[in-house]
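Have a look at the structure below, then the notes.
This is the structure we're talking about:
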C-alpha cells in the first residue's frame with residue numbers, strides 16, 4: 003500500500019507536467035531558499051525562519067492591508083482573467099451571449115467618464131421611493147424588495163440545506179443589517195472602538211451629503227443609522243455563538259413566526275421574496291428577529307427611512323461615481339482595514355465580472371489554465387489523505403470503538419470536488435444592458451437571489467459549487483459532507499508539479515487534510531455522515547473531545563497578537579483544529595508515501611524539514627495593525643503567523659525535524675500539547 007500511495011503521487015505530478023507541455027517532470031524540492039530568514043532560529047520564531055525572506059521581498063503595497071501567498075496567487079489569477087475578459091470586452095459579441103455579458107459589464111465598470119457624469123442618479127429613484135414611504139405597515143414589501151436587490155436591511159433570508167434534514171433545502175433567516183459587520187464595533191468601549199464609531203458617523207454624513215442631503219439632514223441621518231444598528235448589535239449573537247449550530251437552529255411554521263414576531267407583515271414579505279406559500283423556515287437567531295420586529299413597531303418612521311436609505315448608499319457606493327467610491331474606501335479601506343490605496347480600476351472591474359458571472363469566467367479560466375487530467379489526479383491525492391485520516395482515527399487511544407466506527411463511515415462518504423464543476427451554471431436568464439453599471443449590478447443580485455430562493459423546499463443538489471473555479475481557496479460543507487478544491491488554489495506554493503512529496507504533502511496535502519478534518523472539528527463533528535445535525539458521539543467521547551479542544555482554546559487565547567490584544571481561541575477553534583488535523587494527517591500520508599523510497603537531504607534540509615517549511619510558506623504574508631485588529635474580532639481563522647507559530651508547537655514530528663529543545667521559546671511540554679487527531 004505504501005508503494006501504491008507513492009506511485010499515485012508521482013503519477014499526479016507527471017500528469018500535470020505532461021499536460022503543461024513539458025516532456026518530463028524535473029524533480030525539485032519546491033522549497034525556495036530565498037523565502038527563508040536563516041538568521042532566525044526555528045525554535046524561537048519558525049514563521050520568521052521559514053517566511054522572513056518572502057516577507058522582505060514582498061512588502062505591503064499601498065493597496066493591501068494584508069498581502070500573503072494567497073493574495074499573490076490571486077493577483078496572478080487576476081492577470082490571467084484580465085487577459086481573458088479584456089479580449090471579450092474589445093470585440094463586438096452577439097447579444098445575449100456570455101461574451102457580450104462579460105465584455106459589457108467590464109466596459110461599464112471601466113467607463114469612469116460615464117460613472118462620474120451620472121453621480122447619484124442611478125440610485126436616486128430608490129432613495130426617493132424610501133422617502134415616500136407612508137407607514138411601517140407598508141414596509142415589509144419594500145424591505146423584501148431591497149433584500150432581493152442586494153441591500154442589507156435588518157436581517158437576511160437565504161435558502162440552503164436543512165441542518166436536521168440535510169437532503170432538503172429550507173428557507174432561513176439570519177441576523178444582519180450591521181454596516182460594520184461585527185457587534186463589538188458598536189458595543190465595546192475601548193478607545194479604538196470609540197474612534198471607529200466616530201469615524202463611521204462622519205462617513206455616513208459625507209455619504210448622505212454626496213447624495214444631496216444638507217449638513218443638518220446628513221447629521222440626523224447618521225444619528226438615526228447608529229440608533230438602529232446599535233440596537234441590532236445588542237440583540238445579535240457574537241461570532242462564537244454563531245459557530246454553534248444547535249444554538250442557531252429553530253425550525254418554525256409560518257404560523258408560529260407570525261405569533262413570535264408580530265409587527266412584520268410576513269405574508270407580504272415572503273411573497274415579495276419569491277417564497278409565496280412558504281410553510282416553514284429556520285429562524286437562525288430569534289432574539290435578533292424579535293428586536294427587528296420591535297424596531298419596526300416602535301421606532302419612528304423617519305428614523306427607519308434614514309436607515310433604509312443608508313443601506314442603499316452603503317451597498318451601491320462601489321459602483322457609482324468616483325466621489326462615492328473614494329469616500330466608501332476612505333472609511334472601509336483606510337480607517338477600518340488600514341489600506342492606504344484603492345485598487346486599480348481594472349482590478350475592481352475584474353472583481354465585479356467575477357462576482358456577476360463567476361462560473362462563466364471560471365469556465366474560460368479552466369479551459370486555458372487547468373488541464374482536465376489534473377482534476378482526475380487530484381482526486382487520487384485526496385483519497386491518499388482520506389486513507390491516512392482513517393488510519394489515525396483507528397489508532398486513537400481516547401475514542402471508543404463505537405464512535406470510531408461512525409467517524410470512519412463519515413470519512414468514507416465525504417464527497418470530493420476538484421477543479422471545476424461537471425455541470426456549468428446557466429446565465430441565459432441574466433440580462434446585461436447598456437443602461438447603467440449599477441442597474442446591471444441590481445439585475446445580477448436579483449438573478450442570484452432568485453437562483454438561490456428557487457431551491458426552497460426542493461432536494462439539495464450536491465453537485466452545486468459554492469466557490470468559482472478561479473478562487474484561491476477551498477472549503478468543507480458539513481450539511482453536504484463535501485470538500486472542494488477549486489482549480490485556482492492548485493498552483494504553487496500550494497502545489498508544484500515538479501516538486502517531491504515532502505513539498506506537496508506539506509503544502510496542498512495539509513490543505514486537503516485541513517478541509518477533511520473540518521468534518522470532525524468542534525462544529526463539523528456535530529453533523530453525521532448524511533450531513534444532519536445529530537449527536538453520533540458517545541457522551542464520554544464527546545466530553546473527552548471538548549476537554550482536549552479546550553487546550554487549543556487556551557493556547558490561542560494566550561497569544562498576544564498586538565500589545566493588549568489577544569487571539570480568540572474559541573472563535574478560531576474550528577480552523578485551528580483543522581490546521582492541527584491537516585498537519586497530522588498529511589504527515590502520516592507523507593511518511594507512508596515515501597516509506598519504500600525515502601527522499602534525500604537536499605540543500606541541507608531533510609525531507610521532514612522540507613515538509614514543515616512548505617507548510618509555513620503557505621502562510622507567508624505581511625499585514626497592517628488595523629487589519630490584525632479587524633480580523634482578530636471577526637475572522638474564524640488565526641492570523642498567518644500563528645497558523646505556523648501557534649500550530650507547530652503541538653506537532654511532535656516538528657520537534658523531531660528541527661531538534662526543538664525545552665529552552666526554545668516555542669517549546670511546549672508534551673502535556674500542554676493538543677492531542678486530538
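Numbering (this note's numbering), first residue to last: 3 to 679. For glycine and all other residues, C-beta sits at the position ideal for the given N, C-alpha and C.
What do you reckon, are the CB atoms on residue 387 and residue 511 nearer than 8 Å?
Within the chain shown, numbered from 1, the residue matching residue 387 stands at position 385. Within the chain shown, numbered from 1, the residue matching residue 511 stands at position 509. Yes, these two residues count as a Cβ contact at 8 Å.
Please report the distance separating the alpha-carbon of residue 295 from that of residue 235.
Position 293 of the chain shown, counted from the first residue, corresponds to residue 295. Position 233 of the chain shown, counted from the first residue, corresponds to residue 235. Whole-angstrom Cα-Cα distance: 14 Å.
At 3 residues or longer, what runs of the beta strand (DSSP E) sit wholly inside the stretch 604–673?
623–625
Report the option in 613, 166, 631 whose CA atom is closest to the CA atom of residue 658.
What you label residue 658 is simply residue 656 of the chain shown in a count that begins at 1. Comparing Cα positions, the closest option is 613.
From which residue to which residue does the alpha helix (DSSP H) around residue 499 run?
Residue numbering aside, residue 499 sits at position 497 when the chain shown is read from its first letter. Residue 499 -> no alpha helix (DSSP H), and no H or E assigned at all.
Whose C-beta lies closer than 6 Å to the C-beta of residue 585 among residues of the same chain, with five residues either side of it excluded?
If you number the chain shown from 1, residue 585 lands on position 583. Taken in chain order, the residues that qualify are 512, 653.
Using a threshold of 8 Å, state whether the C-beta atoms of residue 169 and residue 480 are closer than that.
Here residue 169 is taken as the residue at index 167 of the chain shown, counted from 1. Here residue 480 is taken as the residue at index 478 of the chain shown, counted from 1. No, the pair does not count as a contact, with Cβ atoms beyond the cut-off.
Secondary structure at residue 252, three-state DSSP: helix, strand or coil?
By 1-based counting over the chain shown, the position of residue 252 is 250. Residue 252 falls in the coil class under three-state DSSP.
Please report how far the alpha carbon of residue 60 lies from the alpha carbon of residue 67, in whole angstroms.
In the chain shown, counting from the first residue as 1, residue 60 sits at position 58. In the chain shown, counting from the first residue as 1, residue 67 sits at position 65. Each residue's Cα considered, the two are about 13 Å apart.
Quick one: Cα of residue 148 to Cα of residue 676, how far?
As a first step, residue 148 is located in the chain shown; it is residue number 146 there, counting from the start. As a first step, residue 676 is located in the chain shown; it is residue number 674 there, counting from the start. Those two C-alpha atoms are separated by around 47 Å.
What residue from 72, 81, 269 has the CA that sits closest to residue 146's CA?
Position 144 of the chain shown, counted from the first residue, corresponds to residue 146. When each option's Cα is compared against that of residue 146, the closest is 269.
In terms of residues, what are the limits of the alpha helix (DSSP H) holding residue 241?
As a first step, residue 241 must be located in the chain shown, where it is residue number 239. Looking at the DSSP string, the run of the alpha helix (DSSP H) that includes residue 241 is 241–244.
Give the straight-line distance between the Cα atoms of residue 189 and residue 33, rounded to the nearest whole angstrom.
Working through the chain shown from its first residue, we reach residue 189 at position 187. Working through the chain shown from its first residue, we reach residue 33 at position 31. Computed Cα separation, rounded: 46 Å.
Taking C-alpha atoms, which residue in 320, 666, 522 lies nearest to residue 353?
Indexing the chain shown from 1 puts residue 353 at position 351. Looking at the Cα atoms, 320 is the closest of the given residues.
At the level of alpha carbons, what is the spacing between residue 326 and residue 162?
What you label residue 326 is simply residue 324 of the chain shown in a count that begins at 1. What you label residue 162 is simply residue 160 of the chain shown in a count that begins at 1. Rounded to the nearest angstrom, the two C-alpha atoms are 34 Å apart.
Give me the Cα-Cα distance between residue 250 and residue 183, rounded to the nearest whole angstrom.
Reading the chain shown from its first residue, position 248 is the one you call residue 250. Reading the chain shown from its first residue, position 181 is the one you call residue 183. Using only the alpha carbons, I get a separation of about 18 Å.
Rounded to the nearest angstrom, what separates residue 665 and residue 671 at their Cα positions?
Taking the chain shown and counting its residues from 1, one reaches residue 665 at position 663. Taking the chain shown and counting its residues from 1, one reaches residue 671 at position 669. Rounded to the nearest angstrom, the two C-alpha atoms are 11 Å apart.
So if DSSP puts residue 454 in a beta bridge, which residue, or which two residues, is it bridged to?
Within the chain shown, the letter at position 452 stands for residue 454. DSSP, once it has assigned bridges, lists no residue as partnering residue 454.
On the DSSP bridge assignment, give the partners of residue 172 in chain order.
Stepping through the chain shown from its first residue, residue 172 is reached at position 170. Looking at the DSSP assignment, residue 172 forms a beta bridge with 162.
Among 83, 679, 497, 644, which one has its Cα closest to the Cα of residue 47?
Residue 47 sits at position 45 when you count from the first residue of the chain shown. The residue with the shortest Cα to Cα distance from residue 47 is 644.
Pull up the distance between the alpha-carbon of residue 599 and that of residue 607, whole angstroms please.
For the purposes of this step, residue 599 is taken as the residue at position 597 of the chain shown. For the purposes of this step, residue 607 is taken as the residue at position 605 of the chain shown. If you take the alpha carbons of residue 599 and residue 607, they lie about 17 Å apart.
Neighbourhood of residue 514 by C-beta distance below 6 Å, restricted to the same chain and skipping five residues each side:
Against the chain shown, residue 514 aligns to sequence position 512. So the qualifying residues of the chain are 384, 387.
If distances are taken between C-alpha atoms only, which option among 203, 253, 262 comes closest to residue 171?
Mapped onto the chain shown, residue 171 falls at position 169. Considering only alpha carbons, the answer is 253.
Completely contained beta strand (DSSP E) runs for the stretch 409–465, where each covers 3 or more residues
417–421
Please list the terminal residues of the continuous alpha helix (DSSP H) segment that includes residue 562.
Translated into the one-based positions of the chain shown, residue 562 becomes position 560. Per DSSP, residue 562 belongs to no alpha helix (DSSP H); it is in the beta strand (DSSP E), 562–564.
To test your reading of the DSSP string, which unbroken beta strand (DSSP E) runs of 3 or more residues are found completely within the stretch 281–360?
282–285
Just to confirm, is the Cβ distance from residue 618 to residue 579 under 8 Å?
Here the question's residue 618 lines up with position 616 in the chain shown. Here the question's residue 579 lines up with position 577 in the chain shown. It is not a contact, given that the beta carbons lie outside the stated cut-off.
Start-to-end residues for the beta strand (DSSP E) that takes in residue 584
One-based indexing of the chain shown puts residue 584 at position 582. It is not in any beta strand (DSSP E) - residue 584 instead sits in the alpha helix (DSSP H) that spans 575–596.
Looking at residue 238 and residue 290, is the spacing between their C-beta atoms short of 8 Å?
Looking up residue 290 in the chain shown gives position 288. Looking up residue 238 in the chain shown gives position 236. Cβ distance < 8 Å, so residue 290 and residue 238 count as in contact.
So, helix, strand or coil for residue 30, using DSSP?
By one-based count along the chain shown, residue 30 stands at place 28. Residue 30 falls in the strand class under three-state DSSP.
Simplified DSSP assignment, three categories, for residue 488:
Here residue 488 refers to the residue found at position 486 of the chain shown. Note: residue 488 maps to strand in three-state DSSP.
If you draw a straight line from the C-alpha of residue 458 to the C-alpha of residue 281, how long is it?
Translated into positions along the chain shown, residue 458 becomes position 456. Translated into positions along the chain shown, residue 281 becomes position 279. Taking the straight line joining both Cα atoms gives about 11 Å.
Nearest to residue 92 by alpha carbon, out of 110, 79, 80, 75?
Here residue 92 refers to the residue found at position 90 of the chain shown. Minimum Cα distance to residue 92 is reached at 110.
Looking at the unbroken alpha helix (DSSP H) that takes in residue 48, where does it start and where does it end?
For the purposes of this step, residue 48 is taken as residue 46 along the chain shown, with counting starting at 1. Note, residue 48: alpha helix (DSSP H), 48–59.
With 16 other Cβ atoms within 10 Å as the buried cut-off, status of residue 197
Locating residue 197 in the chain shown gives position 195, where the first residue counts as 1. Exposed, since its Cβ has fewer than 16 Cβ neighbours within 10 Å.
Count the other C-beta atoms from every protein chain shown that fall within 10 angstroms of the C-beta of residue 396, then say buried if there are 16 or more, exposed otherwise.
For this step, residue 396 is matched to residue 394 along the chain shown. Residue 396 should be labelled exposed.
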